[in-house]
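**Q** Below is one structure. I have some questions about it.
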Amino acid sequence: MKTNKEHLKNSSRCPVCNNTDIEGGPVHIEDATAWQEIYCINCYSEWYELYDLVSYEIEYDGVEKVRYGIDGVPIKEED
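Numbering (the numbering used here), first residue to last: 878 to 956.
If you want it as structure tokens, here you go:
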């Protein structure tokens with residue numbers, strides 16, 4: 878079984894059997910956190926993957942995008 882750190886490096890595989898035949902349920906969102914139940918078709922393991930909001934983008938007129946960090950400060954794109 879992979880450690881949490883190992884699984885975060887490659888979450889497209891089952892943390893138990895390392896198989897890529899996995900499926901995810903619906904994504905649930907509450908405040909700045911989202912989670913999803915994941916199932917392994919190969920070994921029948923089930924686990925939750927948790928996601929934290931780290932930035933967001935706003936589109937103006939469908940063209941210009943501004944990306945903000947979680948502190949609300951615009952993130953400047955590197956040239």
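Where is the CB? At the ideal position from N, CA and C, for every residue including glycine.
1) What separation, rounded to the nearest whole angstrom, lies between the Cα atoms of lysine 879 and aspartate 938?
2) Which full runs of the beta strand (DSSP E) of 3+ residues lie inside the region 880 to 954, going along the chain?
3) Looking only at its chain, what residues have a beta carbon closer than 8 Å to the beta carbon of valine 943, apart from the 5 residues adjacent to it on each side?
4) Once the 5 residues before and after glutamate 914 are set aside, which same chain residues still bring their CB inside 6 Å of it?
5) Out of Glu907, Leu927 and Asn895, which one is the CA nearest neighbour of asparagine 919?
6) Cα-Cα, which of Thr897, Ser932 and Val893 is closest to glutamate 923?
7) In angstroms with no decimal places, state the Cα-to-Cα distance between threonine 897 and serine 932.
**A** Answer, in terms of the structure:
1) For lysine 879 and aspartate 938, the distance between alpha carbons rounds to 45 Å.
2) 899 to 907, 910 to 917, 923 to 929, 932 to 937 and 941 to 946
3) Glu934, Ile935, Tyr937 and Pro951
4) Gly902 and Tyr925
5) Asn895
6) Val893
7) 28 Å
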